[in-house]
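> Residues 138 to 296 in the working numbering are what the sequence shown spells out, letter by letter.
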Amino acid sequence: MVPVRVRQEMLGARQYYDYKERCVFCDMIAQELHTKVRVIAENAVFVAFEPYAPRFPFETWILPKSHDSHFEDLQKSEVVHLSGIVKNVLSRINRVLEDPPFNYIIHNSPLKDPPLPHYHWHVEIIPKLSRIAGFEWGTGFYINPTPPEEAAEFLREAE
Ligand SMILES: [Zn+2]
Ligand SMILES: [Zn+2]
């Protein structure tokens, strides 16, 4: 089964693709690398940034810079770049937020789907800083008191 959250994300990405004929994640990557205000780290294969409208303070996404819908297609030579950027981002989060508990999620295309032009696998890292309360439970909307540009600046400076 495909989890509801992934299904929603894939549906949104599909609609964007039908409309623009481009992958929304590739467009996000291009924009973030252009403006740099929300970028935290990058290497030859991956980029890490705070998404434009994060649900949680210091929510951080890591994506392969080249379009790829399937995590399992990652080449052996790319694994070291993934582990490098995950370590980089987590050590910044640990320094800035003093070793917070966190969740990380790999969002990936459904198993056995063919390569998809509209979906782009990624990692979402969510430090557990705020508590989900009535507003979030009741509406599915999230209140985030920390602008992503500020969070990115803190994390970038934590060298
Ligand atoms: Zn893409
Ligand atoms: Zn996602």
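Where a beta carbon is used, it is the ideal one built from N, C-alpha and C, also for glycine.
Considering Thr197, what are the terminal residues of the beta strand (DSSP E) in which it resides?
Translated into positions along the sequence shown, residue 197 becomes position 60. Here the beta strand (DSSP E) through Thr197 covers 197–201.
> Beta-carbon distances below 5 Å to any heavy atom of ligand 1 define the shell here; list its residues in chain order, please.
Output, sorted by chain position: Cys160, Phe162, Cys163, His204, His257.
> For ligand 2, I want to know if His259 counts as a neighbour, meaning its beta carbon is within less than 8 Å of at least one of the ligand's heavy atoms.
Position 122 of the sequence shown, counting from 1, holds the residue named residue 259. The answer is yes for His259.
> Which of the three DSSP states, helix, strand or coil, is assigned to His207?
Against the sequence shown, residue 207 aligns to sequence position 70. The answer is coil: DSSP assigns His207 none of H, G, I, E or B.
> Count Cβ pairs between the segment 281–289 and the segment 234–254 that sit closer than 8 Å; are there 3 or more?
Verdict: no, contact absent.
> With a CB to CB cut of under 8 Å and the five nearest residues on each side skipped, what residues in its chain are close to Trp198?
Stepping through the sequence shown from its first residue, residue 198 is reached at position 61. Same-chain partners within the cutoff: Ala185, Phe186, Glu187, Pro188, His259, Val260, Glu261, Ile262.
> Label Tyr156 either buried or exposed according to how many other C-beta atoms from any shown protein chain fall within 10 Å of its C-beta, with 16 as the threshold for buried.
Start at 1 with the first residue of the sequence shown, and residue 156 comes out as number 19. With fewer than 16 Cβ atoms within 10 Å of its Cβ, Tyr156 is classed as exposed.
> Is any heavy atom in ligand 2 found nearer than 8 Å to the beta carbon of Glu146?
Translated into the one-based positions of the sequence shown, residue 146 becomes position 9. Within the cutoff, so yes.
> Which residue from Lys213, Ala190, Ser214, Val176 puts its Cα closest to that of Leu200?
If you number the sequence shown from 1, residue 200 lands on position 63. The shortest C-alpha separation from Leu200 is found at Val176.
> Could you give the distance in angstroms between the alpha-carbon of Ala167 and the alpha-carbon of Glu273?
In the sequence shown, counting from the first residue as 1, residue 167 sits at position 30. In the sequence shown, counting from the first residue as 1, residue 273 sits at position 136. Their Cα atoms are separated by approximately 30 Å.
> Tell me the rounded alpha-carbon separation between His207 and Cys160.
To locate residue 207, count along the sequence shown from 1; it is residue 70. To locate residue 160, count along the sequence shown from 1; it is residue 23. Computed Cα separation, rounded: 14 Å.
> To which residues does DSSP link Val260 through a beta bridge?
In the sequence shown, counting from the first residue as 1, residue 260 sits at position 123. Val260 is bridged to Ile199, Ile243.
> Rounded to a whole number of angstroms, what is the C-alpha to C-alpha distance between Pro264 and Tyr279?
On the sequence shown, residue 264 is found 127 positions in, with the first residue counted as 1. On the sequence shown, residue 279 is found 142 positions in, with the first residue counted as 1. Answer to the nearest angstrom: the Cα atoms are 15 Å apart.
> Report buried or exposed for Met138, applying the criterion of at least 16 other Cβ atoms within 10 angstroms of its Cβ.
Taking the sequence shown and counting its residues from 1, the one referred to as residue 138 is at position 1. Counting Cβ neighbours within 10 Å, Met138 comes out exposed, since fewer than 16 surround it.
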